[in-house]
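Q: Below is one structure. I have some questions about it.
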Ligand SMILES: [Zn+2]
Ligand SMILES: [Zn+2]
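In my numbering, the protein residues as written are 305 to 477.
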C-alpha cells in the first residue's frame, strides 16, 4: 500500500521528518531555516517477503526513511515523525520541526559554513576575487582554490551530522 505520507530531510540540521498529503514538487523549509529535500513517499518495501515482516512498532513509526518493511505495509510508517507545514510571512512553506536540537543544529551548521568561507577568503585574499571573476591567477593558486571550494561542496553533501561538522571545521585551517 502506498500512502500520501512523504519523508523529507533538512539539508542543514539533517532531521528526517514526515509530512502528510504534500505535493512532492513543492519546496519546503525546515523550522531551522534549512531547505528540506524529498527522500520519497512512504512505500512498502517489496523486497521483504510478507512472512518475514517485522511487527509494527517504533522502528516503523519513527523510521529514518520512507521504506516500510513491517506488517502495517506503510500505514503507520513515519507517523511518529509527522510535522505540520505552515506558510510563513514571506510565503515559504515551513515544516514545524519542533525539536530544539534540530533548530540548534541547523544554526550551528550554517555558522560553521560561514566561518569556513571567511577562512577561505582570508587565506586567498585577492586571488579568490580574481578566481571568481575569471581573471588569470597563478596556476597553483587556481588549483588550490578550486580544490578548497570543491571540498566544501563535498562536505555540504555529507549526510551524517557529526562527520560533516568535523570536516567543515578543518577547511582552510
Ligand atoms: Zn533543519
Ligand atoms: Zn508499520
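Using N, Cα and C, we set each Cβ at its ideal position, and we do this for glycine too.
Name, in chain order, the residues that DSSP records as bridge partners for residue 311.
A: On the chain shown, residue 311 is found 7 positions in, with the first residue counted as 1. 322, 344, per the DSSP bridge assignment.
Q: Which residue spans inside the segment 412 to 470 form an unbroken alpha helix (DSSP H) run of at least 4?
A: Within the segment 412 to 470, the complete alpha helix (DSSP H) runs of at least 4 residues are 430 to 436, 443 to 460.
Q: Hey, is residue 326's beta-carbon within less than 8 Å of any beta-carbon in chain B?
A: Absence of chain B from the displayed structure is noted, only one protein chain being present.
Q: Given this structure, state the Cα-to-Cα distance separating residue 313 from residue 417, to the nearest angstrom.
A: Along the chain shown, one-based indexing puts residue 313 at 9. Along the chain shown, one-based indexing puts residue 417 at 113. One C-alpha to the other measures close to 19 Å.
Q: Grab me the residues of residue 305's own chain with a C-beta within less than 7 Å of its C-beta, minus the 5 sequence neighbours each way, in chain order.
A: If you number the chain shown from 1, residue 305 lands on position 1. Residue placement at residue 305 cannot be trusted, given a pLDDT of 47 that sits under 50; what the coordinates show is reported in the next sentence. Only 348, 377, 378, 379 meet the Cβ criterion.
Q: Is it the case that the Cβ atoms of residue 315 and residue 389 are separated by a distance below 8 Å?
A: Reading the chain shown from its first residue, position 11 is the one you call residue 315. Reading the chain shown from its first residue, position 85 is the one you call residue 389. No.
Q: Can you tell me where the beta strand (DSSP E) with residue 334 in it begins and where it stops?
A: What you label residue 334 is simply residue 30 of the chain shown in a count that begins at 1. Note, residue 334: beta strand (DSSP E), 332 to 334.
Q: So which of 365, 466, 321 has the shortest CA-CA distance to residue 375?
A: Within the chain shown, numbered from 1, the residue matching residue 375 stands at position 71. For residue 375, the nearest C-alpha among the options comes from 365.
Q: Mind checking residue 447: buried by the 16 CB within 10 Å criterion, or exposed?
A: The residue labelled residue 447 in the question sits at position 143 within the chain shown. Flag for residue 447 reads exposed.
Q: Which residues in the same chain as residue 409 place their Cβ atom closer than 8 Å to its Cβ, once the five residues preceding and following it in sequence are excluded?
A: Taking the first residue of the chain shown as position 1, residue 409 is located at position 105. For residue 409, where only same-chain residues beyond five positions count, the Cβ hits under 8 Å are 316, 317, 318, 319, 336, 465.
Q: In angstroms, rounded to a whole number, what distance separates the CA positions of residue 341 and residue 310?
A: Residue numbering aside, residue 341 sits at position 37 when the chain shown is read from its first letter. Residue numbering aside, residue 310 sits at position 6 when the chain shown is read from its first letter. Each residue's Cα considered, the two are about 11 Å apart.
Q: Does ligand 1 have even one heavy atom less than 7 Å from the beta-carbon of residue 396?
A: One-based indexing of the chain shown puts residue 396 at position 92. Residue 396 Cβ: outside cutoff for every heavy atom of ligand 1.
Q: Let's see if you can read the secondary structure: which residues bound the beta strand (DSSP E) around residue 391?
A: On the chain shown, residue 391 is found 87 positions in, with the first residue counted as 1. It spans 389 to 391 - the beta strand (DSSP E) in which residue 391 sits, taken as one unbroken run.
Q: On the premise that residue 456 lies in contact with residue 420, defined as a C-beta separation below 8 Å, what is that separation, rounded to the nearest angstrom?
A: Position 116 of the chain shown, counted from the start, is the residue given in the question as residue 420. Position 152 of the chain shown, counted from the start, is the residue given in the question as residue 456. Yes, they are in contact, since the Cβ atoms of residue 420 and residue 456 sit about 6 Å apart, within 8 Å.
Q: Give me the Cα-Cα distance between residue 382 and residue 400, rounded to the nearest whole angstrom.
A: Position 78 of the chain shown, counted from the first residue, corresponds to residue 382. Position 96 of the chain shown, counted from the first residue, corresponds to residue 400. Distance between the alpha carbons of residue 382 and residue 400 is about 15 Å.
Q: Going by DSSP, which residues form a beta bridge with residue 371?
A: Counting from one through the chain shown, the residue named residue 371 turns up at place 67. Bridge partners of residue 371: 347.
Q: Flag residue 376 as yes when its Cβ comes closer than 7 Å to any non-hydrogen atom of ligand 2, and as no otherwise.
A: For this step, residue 376 is matched to residue 72 along the chain shown. Shortest gap from the CB of residue 376 to any heavy atom of ligand 2: under 7 Å.
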